[in-house]
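Working notes for the structure below.
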Amino acid sequence: MTTAETTPQVGATGPGSRLRSALRYVRDHPGLVVAGAIIAFIVGGALLAPFIAPYPDDAGTATNMLATLLPPNDEHLFGTDHAGRDVWSRVLFGAWMSVGTSLLVILASLAVGVPIGLFSGAVGGWLDDILMRVVDIFLAFPSLLLALAIGAALGPSLQNAAIAIVIAWWPWYARLMRGEAASIRRRGFVESGHLLGIAPWRVTVRHILPNASGPVIVQASLDLGGVILTLAGLSFLGLGAIDPTPEWGLMVQQGRALIQTHPWVVLVPGAAIMLAALAFTLLGEGLRERLDPKGATRR
Amino acid sequence: MSAATPLLSIRDLRVEIGGTTLLDVDRLDVSRGEMVGLVGESGAGKSLMQAAILGVLPSHARTSGSIEFDGRDLLRASVREMRHIRGRRIAVVLQAARAALTPTLRAGTWIDRALALHDVPKQERAARLDHALQAVRLQPTLLDRYPHQLSGGEAQRVSIALAVALRAELVLADEATSALDVTVQAEVAELFRQLRASEGTSFLMVSHDLALVAGLADRINIISRGCIVERGGPEVLQHPSDEVTAALVAAKPPLPSSSEPLT
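Line by line, the protein sequences give chains A and B.
Read in order, the letters of the first sequence are residues 5 to 303 in this note's numbering.
Read in order, the letters of the second sequence are residues -3 to 259 in this note's numbering.
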């Protein structure tokens, strides 16, 4: 959004003050900084997995029955699983499977929910009533349960699990967006927009949408952690990714029976899930503070 | 554009909503460069009158009569046509000036977008903006601010600057100074006076504040229960012939004389 206040002022700044303003940023936004670091790590891992994973074949169909369930050692940083596959390599490849898929799920949910909610809230009247009753029907089911049912109906695969979550998830954004748009529709600047002769669709897209999107962006960011967990949950329950896809939830599920004897098989992907969910939750909280328009001037 | 025909000419305007006549105005004129006051207590029909002029009446409202603006009847103009008149030729300055600016847009961006919307070519916008800023005596640096960083008076100047930049012929000032403190009120009033002199802008000042309007307007219309009950120069205040005017002069609303509700 506003890059002006994150970049140090040019001119009156030497290297010292640049460092100082960076430190001040860290002090003022510890959550955002931690979240940024973890997310950079995860994204880096996801993108670079084919180059940095010590055993890239282990993310695929490879098995190594002579080296099953090895504890962490020099050759296998986080040990090996029941099929002798390097856990670290699989976790690295799993970053794309888990986080990347979750990101796509959120984006798809936003792409469906935001326009519906915006339209509903900005137009009002009976169309609003009908759309929101449809949303209510979706919201009447707990989203995990709904995703479970849809996932079961579609059959187990990572793609179907993602589709199931989108179907369960978009109504939340529609509802949130609708509430924001409906309240903003009555604000003075929307009226003055109409009085300035701006076409209604343009008022909706250019004036209502930007002012209503803050809470939705925050919620989407907070939800990313939840979607990662849900996706992992569906895989754990056997409705998501199937072996040998290196999906974190599936890896936890496969190591479930081994937790007391070979904990690394479960703990490493489990920690990855936890870190990712934590990072995106922190990011959401940080964004919540930043995106408040009245907070834009705070130094 | 002969001087004889008024810029805005309302004749026999009736507005009915749900079978009740809420507005019944036989005559209201605003000539070019004239400042006309429309004063009345709350619920008298001031807002409805503005909505009728701007073509933003509720869709179930029924109208008759005519509102001629520069020879064109606004009651019969298409939605599209109204959109070009609204804002560009008839500007509105609202009471809550800060709330009238979009919070996510800098003041300068807001003005620039409005100019672009009304087809002012890019190369002309800067010059128009400069001129408008001078006219309303606004620091150019304020254009980099977001609405919440402006004071109420500054925000009001931004709205007025837009009206100047768009070269609006008629400004509807809807309680434009009511939310401002007394010194800022006087500044904005002075600004209106100057704009009228320098740009030839016409004003329809809508307010419940008779004293303020009396200090500015050439002619004053007192509206009560949807009808104009008194009209004349500022001298009407000295010899009010109507009880509503008398009450407004005494700055207190009249007690309802019958059980009939005002709206």
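Glycine is no exception: its CB is placed at the ideal position from the N, C-alpha and C atoms.
Computed from a predicted model, the values in this text were never measured in an experiment.
Beta-carbon neighbours of residue i, restricted to chain B and to distances below 7 Å
i        : result
Pro214/A : Thr100
His211/A : Thr98
Amino acids of chain A, ordered along the chain, whose beta-carbon sits closer than 7 Å to that of residue i
i       : result
Ala95/B : Arg191, Gly192 and Phe193
Leu90/B : Gly192 and Ser196
Beta-carbon neighbours of residue i, restricted to chain A and to distances below 8 Å
i       : result
Leu50/B : Leu199
Gly83/B : Leu199, Leu200, Gly201 and Ile202
Chain A contact for residue i (CB, 7 Å cutoff)
i        : result
Arg68/B  : no
Gly149/B : no
Arg79/B  : yes
Ala175/B : no
Ala110/B : yes
Ser255/B : Note that Ser255/B scores a pLDDT of 49, beneath 50, so its modelled location is shaky; the value from the coordinates is reported in the next line. No, its Cβ sits nowhere closer than 7 Å to a Cβ of chain A.
Chain B contact for residue i (CB, 7 Å cutoff)
i        : result
Ser187/A : no
Leu295/A : no
Gly20/A  : no
Paired residues, beta bridge with residue i - DSSP
i        : result
Ile86/B  : Arg82/B and Leu166/B
Ala57/B  : Ile13/B
Val47/A  : Beta-bridge pairing links Val47/A to no other residue.
Ile169/A : According to DSSP, Ile169/A bridges with nothing at all.
Ser5/B   : Asp25/B and Glu64/B
Met278/A : Bridge partners of Met278/A: none, in fact.
Gly192/A : Beta-bridge pairing links Gly192/A to no other residue.
Asp35/B  : It is Val, not Asp, that sits at residue 35/B in the sequence shown. Val35/B is bridged to Ser203/B and Ile218/B.
Arg227/B : Asn217/B
Asp90/A  : Thr84/A
Asp69/B  : Glu64/B
Coil, strand or helix - residue i by DSSP
i        : result
Asn77/A  : coil
Glu30/B  : coil
Arg260/A : helix
Ser198/B : strand
Leu18/B  : strand
Ala283/A : helix
Asp238/B : coil
Leu200/A : coil
Ala144/A : coil
Asp227/A : helix
Val52/B  : coil
Gly125/A : helix
Thr173/B : coil
Glu120/B : helix
Ala112/A : helix
Asn68/A  : coil
Ala53/A  : helix
Ser25/A  : helix
Thr265/A : coil
Near the ligand MN: residue i beta-carbon under 6 Å from a heavy atom
i       : result
Glu30/B : Among the components modelled here there is no ligand, and therefore nothing to report on the ligand MN.
Environment of residue i [buried if 16+ CB atoms lie within 10 Å]
i        : result
Ser198/B : buried
Gly211/B : exposed
Gly15/B  : exposed
Ser203/B : buried
His56/B  : exposed
Arg143/B : Note on residue identity: the sequence assigns Pro, not Arg, to residue 143/B. Result: buried.
Glu226/B : buried
Arg206/A : exposed
Lys118/B : exposed
Ala213/B : buried
Ile219/B : buried
Contact set between residue i and chain A, taken where Cβ atoms lie within less than 9 Å
i        : result
His114/B : Leu200 and Gly201
Beta carbon proximity, residue i to chain E, threshold 7 Å
i        : result
Pro214/A : Annotation note: the requested chain E is absent from the structure, which comprises protein chains A and B.
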